[in-house]
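Peer 1:
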Amino acid sequence: MFCIIGFCHTKVHAQYSSEADLINALRKYPKTDSIKLKLYDEVFRYYGSRQQYDPMELYLDSVRILSTKLNLKNKLYDAQYRAALFYHSKTRYSEALAHYQESYAIADASNNTYGMARVLLNTGAIYMDSKDYVKALEKNQQAIPLYEKLGMKREVGSCYMNIAEVFTDLNQIDKAFPYLNLALGLFIQNGPNSRGVGVVSEAMGVAFMKAKDQDLINLGVLPSQRYNHALEHFKKALPIALLEDDPALAASINANIGEVYGLLSDHTKAKQYFETVMNLDQKHDYHVSSSKNKIRYAQYFFSQKNYTAGLQMAHAAVRIADRYKIPGNLQNAYELISKIYEQSGNYDSALLYYQQYVVIKDSLFNAEKEREITRKQLVLDFEVKEKEYRYNRQLLDNELKQQVLLAATQRDQLALAKKEKDVQQLLFLQQRTKLQNEAGLQAAAFQQQKNKSDYDRAIAKKQIDNQQLELRFNKYLNLFFLISVIVLLIGGTIIFYSQRKAKKLNLIISEQKNSLQELLHVKDQLLGTISHDMRTPINSLISFTHLLENSQISQEKLKVYASQLKNTLGYTQGLMDNLLKWATSQMHGFVPDIRIVDLKEITDQVVYTQTDMILRKELIIENNVIDTTKVLADPDMLASVIRNILTNAIKFSYKKGVIRIEAMASGKYVTYSISDQGIGMDDNKVKLINTATGYSVRSSEGTSEEKGNGLGLILCKSFISIMKGSIKVSSKIKEGSTFTVELPLP
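First residue of the sequence shown: 1, per the working numbering; consecutive thereafter.
#1: Might you give, ordered along the chain, the residues of its own chain that have their beta carbon closer than 7 Å to the beta carbon of residue 644, omitting 5 neighbours on each side?
#2: Among the residues of its own chain, which have a CB less than 7 Å from the CB of residue 64, if the five just before and after it don't count?
#3: Taking DSSP's pairing of strands, which residues face residue 744 in a bridge?
#4: May I ask you to list the residues that DSSP assigns as paired with residue 739?
#5: On the CB-based measure, 16 or more other CB atoms within 10 Å of its CB, does residue 115 come out buried or exposed?
#6: Got a sec, what are the start and stop residues for the alpha helix (DSSP H) residue 24 sits in?
#7: Can you look up residue 495 in the DSSP assignment and give me helix, strand or coil?
#8: Which residue wins for smallest C-alpha separation from residue 311, given the options 107, 337, 321?
#9: What residue from 327, 252, 308 has the CA that sits closest to residue 357's CA?
#10: State the Cα-Cα distance for the pair residue 198 and residue 45, rounded to the nearest angstrom.
#11: From the DSSP output, which residues share a beta bridge with residue 148?
#12: On the DSSP letters alone, give me the boundaries of the beta strand (DSSP E) that residue 622 sits inside.
#13: With respect to the beta strand (DSSP E) encompassing residue 596, which residues constitute its N-terminal and C-terminal limits?
#14: Quick one: what does DSSP say residue 90 is sitting in, helix, strand or coil?
#15: Can you have a look at residue 224 and say buried or exposed, based on whether 16 or more other CB atoms are within 10 angstroms of its CB?
#16: Helix, strand or coil for residue 221 per DSSP?
#17: Short of 7 Å in beta carbon distance, which residues of its chain neighbour residue 96, apart from the five on each side in sequence? Order them along the chain.
#18: For residue 82 and residue 42, what's the separation of their Cα atoms in angstroms?
#19: Label residue 546 either buried or exposed according to how many other C-beta atoms from any shown protein chain fall within 10 Å of its C-beta, with 16 as the threshold for buried.
#20: Quick one: what does DSSP say residue 649 is sitting in, helix, strand or coil?
#21: Determine the extent of the beta strand (DSSP E) in which residue 630 is found, giving its start and end residues.
#22: Give the straight-line distance between the Cα atoms of residue 134 and residue 280, rounded to the nearest whole angstrom.
#23: Just the C-alpha distance for residue 492 and residue 503, rounded to the nearest angstrom, thanks.
#24: Which residues does DSSP list as the beta-bridge partners of residue 663?
#25: Tell me the DSSP secondary structure of residue 10 in three-state form.
#26: Could you check which residue in 152, 216, 175 has the C-alpha nearest to that of residue 190?
#27: Buried or exposed: where does residue 459 fall if 16 or more other Cβ atoms within 10 Å of its Cβ makes it buried?
#28: Which residues in the same chain as residue 381 place their Cβ atom closer than 8 Å to its Cβ, once the five residues preceding and following it in sequence are excluded?
#29: What residues are listed by DSSP as bridge partners for residue 199?
#30: Measuring straight from C-alpha to C-alpha, what distance separates residue 119 and residue 136?
#31: Please report the distance separating the alpha-carbon of residue 376 from that of residue 241.
#32: Would you kindly work out how many angstroms separate the C-alpha atoms of residue 635 and residue 188, rounded to a whole number?
#33: Would you mind reading off the limits of the alpha helix (DSSP H) that contains residue 262?
#34: Taking only the alpha-carbon atoms, compute the straight-line gap between residue 246 and residue 201 and give it to the nearest angstrom.
#35: Is the beta carbon of residue 678 less than 9 Å from the beta carbon of residue 736?
#36: Under 8 Å by Cβ, that's how I've got residue 621 and residue 607 pegged, so tell me the actual separation to the nearest angstrom.
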């Protein structure tokens with residue numbers, strides 16, 4: 001767990017060198033005040049830090065009673081919370097939960113928001129260790145709004161980390177990653193190298209290790225890159241752990257890295273990292289982590305069939321887990337030892353350790369234990385209520401005494417109030433006489449004001465009549481102007497839409513003109529290609545037959561001419577194939593056969609057809625398209641597009657170069673790319689290819705003087721458009737080119 005738990009390494013004041021000094025100081029102090037409360041607290045912490053729980057509980061009761069008597073609720077809360085931490089750090093969860101519940105009740109009663117929040121965070125940690133994921137989630141979710149209210153972002157991040165840990169343990173990685181990202185966003189505010197960032201980075205690496213293939217694909221990560229991403233996050237977390245001087249965290253991260261290298265079969269590095277883990281575990285006393293790391297090292301030895309080393313390491317983990325009462329790690333160690341003995345053929349020992357594994361498992365997870373914890377909690381709740389009743393009764397007695405004193409004070413106040421009332425009555429009579437005189441004067445003034453008001457009303461009535469005549473005239477005038485404006489708006493609207501329609505027609509005509517010009521250019525290129533490129537191989541074939549008829553050629557020259565003629569006819573065959581397919585696609589009434597196509601299968605078929613050209617140039621083809629990749633396309637059109645792009649990549653690649661083929665789902669499309677490391681293209685040619693209206697591009701010679709005609713690109717752009725996709729190219733001179741095709745998903 002990554003929550004914040006304060007472990008209890010308390011120090012008693014230096015003036016008390018031993019237990020006897022503390023007890024003597026407590027007995028000699030006669031008063032019952034805050035100083036004595038402090039002495040009780042120091043004795044309580046002294047026994048708690050030494051795991052002497054019976055005297056600890058005794059002095060905790062003294063702290064509880066005196067804190068209540070002095071009405072020091074914060075001291076009472078601190079003592080209960082500290083006792084819970086003493087038990088929690090030693091995995092005595094039932095006692096820890098009881099004290100956490102008492103401290104929460106105290107914090108709730110005194111509106112101590114921070115106190116309630118950290119109790120919820122730590123109880124969530126206990127439920128997480130006990131595999132009670134529902135309660136673990138509940139406690140962390142309750143703590144989040146409390147920490148947010150206090151503005152404690154780092155603690156909110158800790159809650160998010162705990163929730164992510166729950167989902168990771170449940171192998172629900174799709175739910176874990178959002179919480180990991182939320183935690184990272186909060187931790188990174190304390191700096192990119194803060195401990196929280198290191199903890200989240202390690203958790204993300206673990207999530208990548210546990211994620212299913214579909215989870216990785218949803219995250220945009222190829223399953224084959226799982227270990228690379230995990231290593232990236234682990235190696236980002238490791239320097240932070242070392243910078244924070246946190247050997248326990250550094251050991252955990254090194255164990256994860258060693259496990260990854262073991263899965264990658266790099267056993268030299270795996271052993272190196274595991275040995276580093278063993279050295280780091282000697283620098284801290286977090287025994288849960290050290291025993292867990294030894295189990296992981298033993299599992300690595302088991303996977304390598306090094307049963308002797310595996311048994312030795314597993315038994316070391318058992319010794320730590322048994323000594324410090326860590327049942328979860330003890331259970332895992334017994335299970336691993338049983339498997340090692342079973343593989344070694346020692347079935348008696350395997351059965352013995354398996355029985356011990358079952359006993360530990362049943363002790364951790366059985367209904368009777370759950371009921372026992374519940375019963376203990378009910379008893380503790382009853383005791384708390386009983387003590388609260390006694391405390392409330394004492395408070396009630398004090399309040400009654402205060403009420404008696406208050407009643408005497410109120411009698412004196414009532415006598416004084418009666419005298420004040422007589423004085424106020426006399427003042428009231430004087431004030432009433434004064435008000436009656438003022439009322440007579442106000443009545444005379446009111447009559448005078450009324451006469452003046454009648455005169456003003458008559459004048460105002462005449463003015464209103466004049467204004468009504470003026471308003472009636474203005475109304476007719478405004479109506480006239482409104483009608484005029486409406487007529488002008490209608491006329492303007494008609495003119496505007498007429499001009500807009502004319503502009504659209506002109507734009508359509510201009511686009512059609514450009515399209516016709518481009519088609520004419522393509523037609524001229526096709527006719528030129530047919531007239532030139534078709535005549536040349538035919539003339540070569542006629543000349544070759546004349547030579548054969550006259551028998552005027554040696555055997556060596558015959559082989560050379562036959563090879564040249566084969567290359568020429570192969571080029572001509574490709575030209576004819578592209579011409580026929582392009583012409584078919586342009587025919588009126590042509591309907592493509594769009595359906596779900598296996599992109600991996602078609603790619604393999606096309607690569608196979610180009611085997612001769614690939615071997616001739618000694619090229620390496622990296623086909624990274626996964627088997628499950630499906631697209632909506634016409635299979636023949638798609639094969640022709642891939643064939644033309646791959647042929648160009650082979651044509652312009654240098655000998656012993658690499659051609660990479662990849663595909664990745666993104667949104668509603670699959671992005672398919674073919675990259676080479678060949679001669680590349682200049683920016684003008686790239687811009688011309690990527691232009692929507694750029695149908696024809698002049699072809700260049702390949703690295704082995706292969707010829708081209710530019711018709712393959714025309715065919716690709718036409719077919720991709722028919723299949724509702726898109727094609728783009730990026731390239732740099734002497735660095736190679738990448739053709740990228742987007743096709744819709746099913």
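Built from N, CA and C at the ideal position, the CB exists for glycine as well.
Peer 2: The structure says:
#1: 712, 715, 716
#2: 76, 79
#3: 669
#4: 674, 729
#5: buried
#6: 19-28
#7: helix
#8: 337
#9: 327
#10: 33 Å
#11: BP columns for residue 148 are empty, so no partner.
#12: 620-623
#13: 595-598
#14: coil
#15: exposed
#16: coil
#17: 84, 87, 88, 126
#18: 12 Å
#19: exposed
#20: helix
#21: 630-633
#22: 34 Å
#23: 16 Å
#24: 672
#25: Reliability fails at residue 10, whose pLDDT of 39 lies under 50, so the model's placement of it is uncertain and the value that follows must be treated cautiously. Of the three classes helix, strand and coil, the one that applies to residue 10 here is coil, per DSSP.
#26: 152
#27: exposed
#28: Because the pLDDT at residue 381 is just 40, under 50, the model does not fix this residue reliably, and the value given afterwards should be weighed accordingly. 101.
#29: Residue 199 pairs with nothing; no bridge assigned.
#30: 12 Å
#31: With a pLDDT of 38 at residue 376, under the threshold of 50, the modelled position of this residue cannot be trusted; read the value that follows with caution. Computed Cα separation, rounded: 40 Å.
#32: 49 Å
#33: 247-263
#34: 15 Å
#35: yes
#36: 6 Å
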